[in-house]
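The sequence shown begins at 949 in the numbering used here and counts up one residue at a time.
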Amino acid sequence: MHDQHQEFFDALAAEWDLMFTAEDLERLSHIVDNLGVKKGMDVLDLGCGTGILFDMLRRKVTETGSVTGVDFSYQMAQQAHRNFPFPNVNVVDADATRLPFADSSFDMVVAFSAFPHFSDQQTAINETHRVLKNKGRFFIIHLISSKELNEIHHRIGGAVGHDTIPPEKHLRSMLNSSKFDDISIEDHAGLYLAIAVNSK
Ligand SMILES: C[S@@+](CC[C@H](N)C(=O)[O-])C[C@H]1O[C@@H](n2cnc3c(N)ncnc32)[C@H](O)[C@@H]1O
């Protein structure tokens, strides 16, 4: 099914990498340093865009692990593939609500600046749970608070005008109903970080 987000993000793909300042990359790198990514892990980057996280993750999992990016914007996925042509970096043009992976395929799933855009957040969470191994962790990351982010999307309008990080209670309930537990949510100026652990 066509989603108006695909068109929206397709149009931004060529210039997307220019959106990040050196400060953004520094902060992002610091966050990734604290996710517990280890050598040999298989990590899924959901809504990967042009692959801004790939190099940070790739260096941590090393050649014995893998980084897989999923994006349903064909242009974003193509750009990500061009940016990171490494044997252990895979890019898949797919929808977060219908992941083309076997159950328990990944040690970790990261959604950076992407979760609010998923048209069916509960299904995306269910799919994330399905493809994560037992005790695998799911991270939802933004470099701004939910309040800041929801306001920005509202201002932009159009395809993303109603894309929000849900209120904490609602996100917890969606994660719980998908058998995630040990949920923690940090939400303040300059950072949104939700962490949930898969309990099969
Ligand atoms: C704001 S961009 C962030 C991209 C990247 N994570 C970054 O920070 O540079 C959101 C991305 O999520 C992707 N996206 C939105 N809904 C999606 C879905 N249902 N399945 C897969 N990707 C999706 C968009 O195509 C877009 O590339």
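C-beta: ideal position from N, C-alpha, C; glycine also. Remember, it's a predicted structure, so these values are computed and weren't measured experimentally.
Three-state secondary structure (DSSP) of residue i
i        : result
Met-1004 : helix
His-1110 : coil
Thr-998  : coil
Val-985  : coil
Thr-1016 : strand
Arg-1120 : helix
Leu-973  : helix
Ala-1062 : coil
Phe-1049 : coil
Asn-1082 : strand
Residue i and residue j closer than 8 Å at C-beta
i        : j        : result
Asp-1130 : Ala-1142 : no
Asn-1038 : Ser-1014 : yes
Gln-1069 : Phe-1060 : no
Asn-1031 : Thr-998  : yes
Thr-1012 : Lys-986  : no
Ala-1044 : Gly-995  : yes
Ile-1113 : Asn-1124 : no
Residue closest to residue i, alpha-carbon to alpha-carbon, out of the options
i        : options                               : result
Gln-1027 : Leu-1091, Phe-956, Asp-965            : Asp-965
Asp-972  : Ser-1094, Ile-1000, Asp-993           : Ile-1000
His-1090 : Met-989, Ile-1133, Glu-955, Ala-1025  : Ile-1133
Met-1004 : Val-1018, Leu-983, Gln-1023, Asp-1019 : Leu-983
Asp-993  : Leu-1119, Thr-1010, Asp-1055, Glu-955 : Asp-1055
Ile-1092 : Gly-1084, Gly-1138, Asp-951, Leu-1123 : Gly-1138
Proximity test, residue i beta-carbon vs ligand 2 heavy atom, cut-off 7 Å
i       : result
Thr-998 : Of the ligands this structure carries, namely ligand 1, none is ligand 2.
Residue environment, residue i, which counts as buried when at least 16 other CB atoms sit within 10 Å
i        : result
Ala-959  : exposed
Ala-961  : buried
Asp-981  : exposed
His-1101 : buried
Lys-1008 : buried
Run of the alpha helix (DSSP H) containing residue i, from where it starts to where it stops
i        : result
Ala-1028 : 1022 to 1031
Ser-1132 : Where Ser-1132 is concerned, there is no enclosing alpha helix (DSSP H), although the beta strand (DSSP E) it sits in stretches over 1128 to 1136.
Ile-1100 : 1094 to 1104
Ala-959  : 952 to 960
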